[in-house]
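Counted from 1, the sequence shown has number 1667 at position 224 by this note's numbering; the numbering is strictly sequential.
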Amino acid sequence: AAVQATAVTLGAEGVAQAGAPEAARALRELGAALGPILDVPREHAGRFLALLQDRNAVAGELRTGDLVALDAPMIANLRRFAREACGATVTVAPRLLADAPLWMQWWAQAPGGPRQLRPQLDRDLPDFYDYTQDEWFTVPIARGRTWLSDPYFDEGGAEADIVTISVPAVLDATVVAVATADLDLVRVAALCAPALNRLRAPAALVGEAGLVVATNAPTRFTLGRPVGEAGAGATPHRSAALDWTLLVCA
């Protein structure tokens, strides 16, 4: 969290020094607005690291049953962010657990409150879910830092357009798990709206693949869609605190 706060400040200062004070203010405000929800997977990653070290010290190994210790805080965070968070996972690195080669501690919103999901993690079965191939797992491991995805439709999970925040849990320079939070795209856009609305020009927050995360000009930019020609001539502003780029039109 401290690194994130510093990155928000330094990123905004760099944009301001480049002659874009309004964009710099927007980036600071975006960082502040998104901070509490970014802290959700950070907390889960930290709790997993503490659990792993405790079980290694006491029992010499970590087992799937030990991960129930993560359930209460995960449920609490999903209830706290019931409108924003569609689900949360702590996904363990392959072969880390003593009794399972793959494992996801996965909780999702449901009409009666958060419910646990059990994906098929047996490679020998036809509906096997190989999370080791998914970007939300591979990219934060490769980069060694928090990663914010582009918008995408989550079929079979949230059944909605979402973005995923992925936080690697690192122990002794090795990623031992990835904690994620799946966020409803419309709610993320609403969190970002006050900062974008204070800009005096059409603007959009876009992912690395160019898909729109939030905008103050919905008739020009469509949430979850490529920015396309609507962003022609717009000035990009980047901050080290976000994988998303702020585009401000002339």
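Ideal placement from N, C-alpha and C gives every residue a C-beta, glycine not left out.
Taking the straight line between their C-alpha atoms, what separation do you get for D1570 and W1550? Mapped onto the sequence shown, residue 1570 falls at position 127. Mapped onto the sequence shown, residue 1550 falls at position 107. Rounded to whole angstroms, D1570 to W1550 spans 19 angstroms at the Cα level.
Per DSSP, cross-strand counterpart(s) of Y1595: Indexing the sequence shown from 1 puts residue 1595 at position 152. Paired residue(s): I1605.
Return the CA-CA distance between E1578 and A1585, expressed in angstroms with no decimal places. For this step, residue 1578 is matched to residue 135 along the sequence shown. For this step, residue 1585 is matched to residue 142 along the sequence shown. E1578 and A1585: Cα-Cα distance of roughly 10 angstroms.
Since V1621 and P1583 should fall inside the 8 angstroms C-beta cutoff, what is the C-beta to C-beta distance between them, to a whole number of angstroms? Here the question's residue 1621 lines up with position 178 in the sequence shown. Here the question's residue 1583 lines up with position 140 in the sequence shown. Right, their Cβ atoms sit about 6 angstroms apart.
Sort V1446, P1557 and A1469 by Cα distance to F1524 and report the nearest one. Looking up residue 1524 in the sequence shown gives position 81. Taking only the C-alpha atoms, the option nearest F1524 is P1557.
For a quick check, are the C-beta atoms of D1627 and A1603 less than 7 angstroms apart? Here residue 1627 refers to the residue found at position 184 of the sequence shown. Here residue 1603 refers to the residue found at position 160 of the sequence shown. Yes, the pair counts as a contact, with Cβ atoms nearer than the cut-off.
Using the DSSP secondary-structure output, state which residues sit across from T1575 in a beta bridge. As a working mapping, residue 1575 is identified with position 132 in the sequence shown. Note: T1575 sits in no beta bridge, so no partner.
Three-state secondary structure (DSSP) of P1464: The residue given as residue 1464 occupies position 21 in the sequence shown. Helix, per DSSP.
Put D1514 into one of helix, strand or coil per three-state DSSP. Reading the sequence shown from its first residue, position 71 is the one you call residue 1514. Here DSSP, grouped into helix, strand and coil, assigns D1514 to helix.
Bridge partners - D1625, DSSP secondary structure assignment: Looking up residue 1625 in the sequence shown gives position 182. BP columns for D1625 point to G1530 and T1607.
Based on the DSSP output, what are the partners of A1657 in its beta bridges? Counting from one through the sequence shown, the residue named residue 1657 turns up at place 214. In DSSP, A1657 forms a bridge with L1648.
Measuring alpha carbon to alpha carbon, tell me which residue in L1639, V1501, A1531 and A1466 is nearest E1486. Numbered from 1 along the sequence shown, position 43 holds the residue referred to as residue 1486. For E1486, the nearest C-alpha among the options comes from A1531.
Alpha carbon to alpha carbon, how far is V1631 from A1502? The residue you call residue 1631 lines up with position 188 of the sequence shown. The residue you call residue 1502 lines up with position 59 of the sequence shown. Those two C-alpha atoms are separated by around 41 angstroms.
Would you decide whether E1672 is buried or exposed? Buried here means 16 or more other CB atoms lie within 10 Å of its CB. Sequence index remark: in the sequence shown, residue 1672 carries index 229 (1-based). Exposed, since its Cβ has fewer than 16 Cβ neighbours within 10 Å.
Let's test the definition: count the other Cβ atoms within 10 Å of the Cβ of E1527 and tell me whether it reaches 16, buried, or not, exposed. Looking up residue 1527 in the sequence shown gives position 84. It is buried - the Cβ of E1527 has at least 16 other Cβ atoms within 10 Å.
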